[in-house]
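**Q**
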Ligand code: CP
Ligand code: NVA
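In the numbering used here, the protein residues as written are 490 to 799.
Laid out in C-alpha cells, this is it:
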C-alpha cells in the first residue's frame, strides 16, 4: 500500500512495497520537472539533515547536499573524523544525540549493522547512503532512469554482470518489487547473498518477475533490456584487488556482451567506474549508456525520498 511514508527509515528497498517505491519514483519525476522549470519548492524549509559518512563519496554526498539546499533545508556533512564516533562513542549514543538536533540522517557505513543500529536509536528517519550490504538510493535513481527512457519496469530483463555486491543486492530487492526479471551473472564465490536471492525471488514471483543467478555473463545478458555492472573492488576490499581483477576479467561488460542484449538495451553503472575493467570506455561513453542521467537522477530521487520521509 502506498500512502504516508513520514517517519519511516530507508534502509532497504525490501522494506517498501512496489506501490511505495512507485510513489517515490512519481514524486521524483515531479520534482525533476519542477527543477527543470526553474522552480524551487521549499519542502524542507527549516529542516536539517545530517550526512554521517564513514566512506568517501562524490555522488551521494553532493546530490544530497545540493538536493537539500534546493528544497530550502540545510545539510550537515559529518565525515569520519568529525564525530566522537572516531574516538569510540557508540553508534547508539551518536544516534540518540544527533537525532535530537536534526530532522533526518543519511548514513554511509561499512557494516550494514551500523546503519541498522543508527536507525534503532534515532528519533528521526535514517537513510542508508550505502553500506557493505546495500545501496537503495542508487537503485531508486536507476529505476527512475530506466522508466524515463523505456517505460515501466514490470517485465523488463535486467542483467547484473559482475560482483554480487551491495548495489547488486539493491537491484535484486528493487527490481523484484517492480516485477522485473533480474538475471545476475557472477563468478563462483562472488554471488549475491543467498538470503537476498531467496527473498527477492519470492518478491519477484509475487510481482510477476523472476530472479536467476548464473556464472555465465552471456546467459544473463541475452535479450536484456538493461545491462548493469559495478566496480570489481568495492570500498573496503582494496586488499583483495589483485585476486578480484583476475577473477572478474571474464565478466567485463563490453560490446560483445551488449550485442547479446536487446537492440535498445541501456547500460548502467552507479559510478565511480574503472574504464577497461568492469566496463569498456566504448560503452560508458557510447549511445547505449544512460550512466550520466543515472548519476543526475540521484539528485531527483533523493529529493523525493526526503520529501516523503521527513
Ligand atoms: N554511486 C555512488 O554512490 O557514488 P559515490 O560513492 O560517489 O557516492
Ligand atoms: N560497490 C561500490 C559502490 C560505490 C558507489 C562500493 O561499495 O564501493
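Using N, Cα and C, we set each Cβ at its ideal position, and we do this for glycine too.
By Cβ distance, which residues of its chain are closer than 6 angstroms to residue 699, with the 5 residues on each side in sequence left out?
**A** Excluding positions up to five away in sequence, the list reads 670 and 693.
**Q** Determine whether the beta carbon atoms of residue 548 and residue 542 lie at a separation below 8 angstroms.
**A** No, Cβ-Cβ distance for residue 548 and residue 542 is not below 8 angstroms.
**Q** For residue 667, which of 571, 691 and 680 has the nearest alpha-carbon?
**A** Residue 667 has its Cα closest to that of 691, out of 571, 691 and 680.
**Q** With three or more beta-carbon pairs closer than 8 angstroms as the criterion, would you say the stretch 649-658 touches the stretch 573-586?
**A** Result no; under three Cβ-Cβ pairs closer than 8 angstroms.
**Q** Please determine, among 502, 764 and 545, the residue with the shortest C-alpha to C-alpha distance to residue 567.
**A** Nearest option by C-alpha distance: 545.
**Q** Using beta carbons (cut-off 8 angstroms, strictly below), is residue 693 in contact with chain D?
**A** The chain inventory of the structure shown lacks chain D, comprising one protein chain alone.
**Q** Considering only the alpha carbon of each residue, which of 637, 663 and 636 lies closest to residue 649?
**A** Of the listed residues, the one whose Cα sits closest to residue 649 is 663.
**Q** Put residue 699 into one of helix, strand or coil per three-state DSSP.
**A** In the structure shown, residue 699 sits in a strand (DSSP, three-state: E or B).
**Q** When every heavy atom of the ligand CP is checked, does at least one fall within less than 7 angstroms of the C-beta of residue 694?
**A** Because no heavy atom of the ligand CP lies under 7 angstroms away, the Cβ of residue 694 does not count as near it: no.
**Q** Compute the Euclidean distance between the alpha carbons of residue 798 and residue 530, then round it to the nearest angstrom.
**A** Distance between the alpha carbons of residue 798 and residue 530: 16 angstroms.
**Q** Give a single yes or no on whether residue 623 has its beta carbon closer than 7 angstroms to a heavy atom of the ligand NVA.
**A** Not under cutoff, so the answer is no.
**Q** Excluding five sequence neighbours on each side, which residues of the same chain lie with their C-beta closer than 6 angstroms to the C-beta of residue 787?
**A** Within the same chain, residue 787 has close Cβ partners 548, 552 and 630.
**Q** Is there contact between the stretch 633-643 and the stretch 608-615, where contact requires at least three CB pairs shorter than 8 angstroms?
**A** Contact between the stretch 633-643 and the stretch 608-615 is absent, because fewer than three Cβ pairs lie under 8 angstroms.
**Q** For the beta strand (DSSP E) that contains residue 617, what are its first and last residues?
**A** First-last of the beta strand (DSSP E) with residue 617: 615-617.
**Q** Could you work out which residue in 730, 753, 626 and 590 is closest to residue 498 when comparing CA atoms only?
**A** Residue 626 is the option with its Cα nearest to residue 498.
**Q** Cβ of residue 603 within 7 angstroms of any heavy atom in the ligand NVA?
**A** No, the beta carbon of residue 603 sits no closer than 7 angstroms to any heavy atom of the ligand NVA.
**Q** May I ask you to check if the CB of residue 769 is nearer than 7 angstroms to at least one heavy atom of the ligand CP?
**A** No, the beta carbon of residue 769 sits no closer than 7 angstroms to any heavy atom of the ligand CP.
**Q** From residue 526 to residue 749, what distance separates their C-alpha atoms?
**A** If I take the Cα positions, the gap works out to 39 angstroms.
**Q** Can at least three beta-carbon pairs, one atom from the stretch 675-690 and one from the stretch 638-648, be found at a separation below 8 angstroms?
**A** Short answer: they don't touch.
**Q** Hey, residue 740 and residue 651 are a contact pair by Cβ (cut 8 angstroms); roughly how many whole angstroms apart?
**A** The pair is a contact, with the Cβ atoms about 5 angstroms apart (cut-off 8 angstroms).
**Q** Can you tell me which residues form a DSSP beta bridge with residue 682?
**A** Bridge partners of residue 682: none, in fact.
**Q** Among 738, 745, 770 and 777, which residue has its Cα nearest to the Cα of residue 757?
**A** Per the Cα distances, 777.
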